[in-house]
Ligand code: FAD
Ligand code: SF4
Ligand code: SF4
């Protein structure tokens, strides 16, 4: 039974009204965990509107009251940017949501985004004492949901202020790319008075936040507001600027007079299966599919000219968040049947639990312990079937997960007209190809020290181009560390 936001709010208000002004830890542990209100699965399947509706004020306050204010606060170590979690929850528990946001903003620049997309269950919420005491990770304090609430409230009240910037230092920094790593670098350096220019290859800034993560998980208006804040601070943004082609990386320093360069070019090179039939019409990388859908707004056929393949039956290969995003987007683009093909069991799936549950509620079919062996086409070269092989689980492999073992003779055919390959991304290769002086590791990621310095003088890097495909908050954390290092260096120069 799907409880509405109003119903959840009424329940929360009722409990909140019974709370004593001071609570013992034992009493806090009896407060019911607050579920995230979400839109009805049948109705949302055909709409791009955000699925998770966000806590009500009563839910946020009640959930914050579940925090035990642990002295050692293990949650803080689980957050890559070390937000003072008990600090902001203590304020939210008193209904001081503005104060709570102030605490978060001391460490994080993008709380409305991180509160939505951080994999909290493996970060801040994993070590939470409440989850451990109640012997269920799902019952840990929902830190991310409260964080999202306080950030959204400030946005809805137009009370997010643009940070003040220090007087001009005369130093110029070029920031390559405009994903979360670059946004963080740009914001910090601008605040410290440097002149910052973002150079972005696409026609719109925001990186994966704009072209990858779908609207129904992260509304683009939120990302646009962060970008507008950067512009209001005086950060310049040049789009359609591909560093390595429009201008060589080294020319930015040697000829254009930038004092430092930060590279946040991400991991946007899709991996393929290298199986027969991957070149048939109707096979897409998840990157291309999602970019058409999100950045080019193909779902909005009345107002966008972007063509998108009209699919009826779709197979998505992979079991991560990108696979879930592609499958759920395909449903919203009118596919009748969408199947996730994943060679291990659901337990080993790297996708967030919440995303798997949402995909299931919306009707995505899960063919676990299966993998695509080849893709078959019709006489016109269009996808017709995908040949699957069944798997069973063997001994754990190097990743610690049980390895998938193919079952001989278990081939079967699945009728599909579209195949979306979502098995991961490699780092973008252009800059390492056009700047051979930059040291890279065996995966093609830039090698940096703990301050984000690359092997090239005055060039820093961070985010997915260093970490491989990782997370928003890790990219942001690396961006902030690099910004501090750039600032130190520029401050020592006349
Ligand atoms: P990116 O966000 O990749 O941005 C890089 C930018 O650099 C892009 O805009 C690109 O166009 C630009 N660029 C590249 N090369 C050049 C060049 N030569 N010149 C100029 N510009 C260039 N993480 C989470 O934490 N939670 C999630 O739920 C989640 N879901 C995801 C879903 C999808 C579909 C994808 C693809 C990723 C997801 N991630 C998620 C991962 C997360 O988005 C990334 O880890 C994060 O965006 C990396 O940030 P970044 O700043 O390093 O680079
Ligand atoms: Fe948790 Fe992410 Fe917020 Fe850190 S930024 S507290 S990891 S939701
Ligand atoms: Fe609160 Fe959990 Fe952090 Fe303890 S670990 S301070 S209960 S959020």
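Residue numbers (my numbering): 1 to 494. All C-beta atoms, glycine included, are put in the ideal place defined by N, C-alpha and C. From a predicted model like this one, the values you see are computed outputs, not experimental measurements.
Sequence-distant Cβ neighbours of residue 381 in its own chain, meaning closer than 8 Å and more than five residues away, are 280 and 281.
In this structure, residue 473 has its beta carbon less than 7 Å from a heavy atom of ligand 2. Take the alpha-carbon of residue 350 and the one of residue 322: they are about 10 Å apart. Selection 93, 125, 217 and 291 evaluated against residue 113 yields 217 as nearest (Cα-Cα).
Distances from the CB of residue 31 to the heavy atoms of ligand 3 are all 7 Å or more.
If you ignore the 5 residues before and after residue 231, its C-beta comes within less than 8 Å of the C-beta of 237, all in its own chain and listed in chain order.
Ranked by how close their Cα comes to the Cα of residue 33, the residues 146, 211 and 209 have 146 in first place. Distances between the C-beta of residue 399 and the heavy atoms of ligand 2 are all 7 Å or more. One Cα belongs to residue 67, the other to residue 80, and the distance between them is close to 20 Å. The beta carbon of residue 271 sits closer than 7 Å to the beta carbons of 423, 424, 425 and 426 from its chain, once the five residues preceding and following it are set aside; these are given in chain order.
Within the model, the alpha-carbon separation for residue 224 versus residue 413 is close to 44 Å. By the Cβ test, the region 397-404 is in contact with the region 333-353, since at least three Cβ pairs between them sit closer than 8 Å. For residue 236, DSSP records a beta bridge to 197. Within 10 angstroms of the beta-carbon of residue 158 lie fewer than 16 other beta-carbons, which makes it exposed. Remark: the shortest separation between the CB of residue 438 and any heavy atom of ligand 1 does not fall under 7 Å. Around the beta carbon of residue 339, 16 or more other beta carbons lie within 10 angstroms, which makes this residue buried. Residues of the same chain with a CB within less than 7 Å of the CB of residue 355, apart from the 5 flanking positions on each side, are 321 and 324 in chain order.
Per DSSP, the unbroken beta strand (DSSP E) holding residue 341 starts and ends at 337-342. Placement of the Cβ of residue 89 at a distance of less than 7 Å from at least one heavy atom of ligand 3 is found. According to the DSSP assignment, residue 388 belongs to the beta strand (DSSP E) that extends over 383-396. Closest by C-alpha distance to residue 418, out of 449, 430, 384 and 411, is 384. Note: residue 418 is bridge-paired with 314 in the DSSP secondary-structure output. Annotated as distal: residue 150 and residue 181, with beta-carbon spacing of 8 Å or more. About 17 Å separates the beta carbons of residue 56 and residue 116, which is beyond the 8 Å limit, so they are not a contact pair. For residue 52, the CB contacts under 6 Å within the same chain, skipping 5 residues up- and downstream, are 36 and 38 in chain order. Taken in chain order, the complete alpha helix (DSSP H) segments of 4 or more residues contained in the region 115-149 are 129-133. Taking a cut-off of 8 Å on C-beta distances, the region 455-462 does not touch the region 75-95, as fewer than three cross pairs fall below it.
Setting aside the 5 residues that flank it on each side, residue 130 is surrounded in the same chain by 28, 29, 66, 67, 68, 139, 140 and 141, each with a C-beta closer than 8 Å to its C-beta; the list follows chain order.
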